[in-house]
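Numbering (this note's numbering), first residue to last: 198 to 816.
We treat Cβ as the ideally placed atom computed from N, Cα and C, and that holds for glycine.
Reading through the structure tokens given below for one structure.
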Amino acid sequence: MLSFTNLSLRAGTELLFQDVSFTVYETNKIGLVGANGSGKTSLFRAILGDLDSYDGNINYPKDLRIANLAQEVPATEEISLDYVLSGDKKLVKVNLAIEDAQKSGNTNLLGDLYAEYETLDGYSAKSRAEKLMIGLGFASTDIKKPVSDFSGGWRVRLNLAQTLMQPSDLVLLDEPTNHLDLDAIIWLVNWIKSYKGAVILISHDREFLDDCADSIAHLDKKNIDLYPGNYSDFEKKRASKLAEIEKNYAKQQREISHIQNFVRRFKAKATKARQAQSRIKALERMEKIAPAHIDSPFKFTINEAQKNSDPLLVLDGASIGYSSPILQDLKIVIRPRDRIGLLGSNGEGKSTLIKSLNGELALISGSKIAGKNLKIGYFSQHQVDDLDLNKNALSHIQDLDKEVSEQGVRNFLGGFNFKGNKVTSSVNLFSGGEKARLALAKIVFKKPNLLLMDEPTNHLDIDMRQALTLALQSFSGAIILISHDRHLLANTVDEFMILKDGSLDIFKGDLEDYRRIILDRTALQKKEIREVKYKKQTVKIEKKEIRQIRAEVSKIEKRLERFQRKIDEIDQELSSSDAYKKDSIINVQSLLRDKIEISGQIEALEEEWYKLNSKMDVE
């Protein structure tokens, strides 16, 4: 379906990859992975025809339908449902043509257009668009809101819904999970699995790739290697490949030993049966995949504060929110070495809770008691916005501790792959991933004993996510984590808490249990949509029937008026003295017969009128 032959691609003067050849088949689900800047997005642009400066060939049929996820959405006043529907451009075109034909009264053309509309599955379009939006986390009340009402992240979700709405043979998805919560990711996995065409995914979420991909295309060292299987299969094969390189062998063994020791340490203290078993399995998997990341440029640890408190932080009877409470009557005790993952749908208050724990958001009511030696490291979704773009990485860290030497800072930043001139380069030249790494480095440098982390993996590539996972595993302090990255959650937290309907409760299952809950809820939402649409259709039918009854009543009333006028005319003639003259008697008899006949008709019509009005009252 889509093939690359001896493809070479550049970004300016920099060669991204050279002489690459592989084929994407009709139902392939390919994960495109590699370090930031390796050429993944550039390859998408070349497929779409947005890049002309490449060598080699990209071949696909002229009629190949390609759907591509745009990264930005203008803040238009267009209704969100209409925006999603606009993804089906053919259907939009036919709709406009139908409107024009109706205005001009071109009935012959209308017949052809309605046939095409049916072929394009137009009658179910709104229902399909609604299901896409609900699946991606939008509330039913959001469907009629204008696009401008949503934040940037939610507009990206609208773009994703619009992309999935488009009839296609190939879907290109560039970091589709970046602005999704866990619930929406689980839904998207199911959509991709059921999609009948080919998909190429750029993603740094290994669990997502494990669930979706049947092949992995790895961009590395100016080449693209295609590996059959999902991401876990790729890691095993890559580990074997790297192990063959003798210089890496000793390093590999040290890394394996580190993970093994961690697994043994956790097994020894595991107490929560279901969660513990789930965690042990995840850690054992970590042990296997560690060798695949031996050549990662990222390696750092999170050193804990020298002093501690027990408890670190307490919320008692707390209500939190903004103008009104989102969560109420909270009782939370955070102790050293607590490792908690927060679950819950968008809008349930996960980020709000983190902000309240950090002190960024004041409590509405209740109390918050901080331990004497509490030292919080807080990573928010918008942490990169707090970076001074005019400064460099070196000065950002030096501002935190004036006494640390420049070489000490350079050594520290090296673990985040800030080396050489990159250390003194202005932050405004950094990519999104580099800014995220610097924001994380600032938190790590402070040596916290409580980490509050809200989606820390956004903009991080797989190697950096792996390094963060290892660092959090080794961290001896407390962690409260919000993340859509299931691999990070599974390998770093010991228990889950779920936010729902204004309360916070312990979640007794693991991530697989949570996945099943989400899928069951999605199925229920689909059923509710169908029921609502059925009710709407029923109401529509009922309204149509009422309109017909009213029209019939109106006809009867008009006939009654005519008959009554006729009766009045007859009565007027009968009241005339001339009517009863000898030569007019025949006319009188005729008038009387007419009156009797008309009166009978009036009686019948009145009875029908009564019945119809009674029916409308019931309706």
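C-alpha distance - residue i paired with residue j, whole-angstrom precision
i, j, result
"residue 428", "residue 401", "10 angstroms"
"residue 508", "residue 706", "25 angstroms"
"residue 322", "residue 282", "7 angstroms"
"residue 222", "residue 200", "8 angstroms"
"residue 371", "residue 563", "44 angstroms"
"residue 737", "residue 747", "Low per-residue confidence applies at residue 737: pLDDT is 47, beneath 50, and the placement is therefore not dependable, though the value from the model is reported in the following sentence. The alpha-carbon atoms of residue 737 and residue 747 are separated by roughly 15 angstroms."
"residue 596", "residue 637", "15 angstroms"
"residue 516", "residue 268", "36 angstroms"
"residue 578", "residue 591", "23 angstroms"
"residue 340", "residue 655", "27 angstroms"
"residue 623", "residue 687", "36 angstroms"
"residue 798", "residue 762", "13 angstroms"
"residue 630", "residue 661", "9 angstroms"
"residue 306", "residue 320", "19 angstroms"
"residue 242", "residue 360", "16 angstroms"
"residue 735", "residue 711", "Summary for residue 735: the model assigns pLDDT 49, below 50, so the residue's position carries little reliability; its value from the coordinates is reported in the next sentence. The alpha-carbon atoms of residue 735 and residue 711 are separated by roughly 36 angstroms."
"residue 333", "residue 703", "25 angstroms"
"residue 358", "residue 232", "27 angstroms"
"residue 618", "residue 625", "14 angstroms"
N- and C-terminal bounds of the alpha helix (DSSP H) containing residue i
i, result
"residue 670", "659-671"
"residue 305", "304-316"
"residue 407", "403-409"
"residue 689", "683-689"
"residue 280", "277-282"
"residue 646", "Taken as a continuous stretch (DSSP letters only), residue 646 belongs to no alpha helix (DSSP H), as it is neither H nor E."
Whole-number beta carbon distance between residue j and residue i, since they are thought to touch under 8 angstroms
i, j, result
"residue 547", "residue 541", "5 angstroms"
"residue 227", "residue 414", "5 angstroms"
"residue 699", "residue 512", "About 15 angstroms; that fails the 8 angstroms criterion."
"residue 288", "residue 329", "No, residue 288 and residue 329 are not in contact; Cβ-Cβ is about 14 angstroms, not under 8 angstroms."
"residue 764", "residue 796", "7 angstroms"
"residue 495", "residue 613", "6 angstroms"
"residue 750", "residue 809", "5 angstroms"
"residue 683", "residue 379", "7 angstroms"
Within 8 angstroms, strictly: CB atoms of residue i and residue j
i, j, result
"residue 310", "residue 295", "yes"
"residue 537", "residue 677", "yes"
"residue 266", "residue 364", "no"
"residue 430", "residue 424", "yes"
"residue 539", "residue 679", "yes"
"residue 344", "residue 280", "yes"
"residue 633", "residue 498", "no"
"residue 568", "residue 643", "no"
"residue 505", "residue 646", "yes"
"residue 620", "residue 635", "no"
"residue 213", "residue 239", "yes"
"residue 552", "residue 558", "yes"
Limits of the beta strand (DSSP E) - the one that residue i falls within
i, result
"residue 414", "412-417"
"residue 200", "199-208"
"residue 528", "522-531"
"residue 292", "Looking at the DSSP string, residue 292 is not in any beta strand (DSSP E); the run it does join, the alpha helix (DSSP H), is 286-301."
"residue 213", "211-221"
"residue 576", "573-576"
"residue 567", "562-567"
"residue 692", "692-697"
"residue 371", "367-371"
"residue 256", "251-256"
"residue 536", "536-540"
"residue 226", "226-231"
Burial state of residue i, where buried means 16 or more other Cβ atoms lie within 10 Å
i, result
"residue 293", "exposed"
"residue 733", "At residue 733, the pLDDT of 49 sits below 50, so the modelled position is not reliable and the matter cannot be decided from this model."
"residue 586", "exposed"
"residue 436", "buried"
"residue 203", "exposed"
"residue 639", "buried"
"residue 356", "buried"
"residue 674", "buried"
"residue 206", "buried"
"residue 572", "buried"
"residue 258", "exposed"
"residue 291", "buried"
"residue 273", "exposed"
"residue 420", "exposed"
"residue 271", "exposed"
"residue 403", "buried"
"residue 354", "buried"
"residue 520", "exposed"
"residue 352", "buried"
"residue 530", "exposed"
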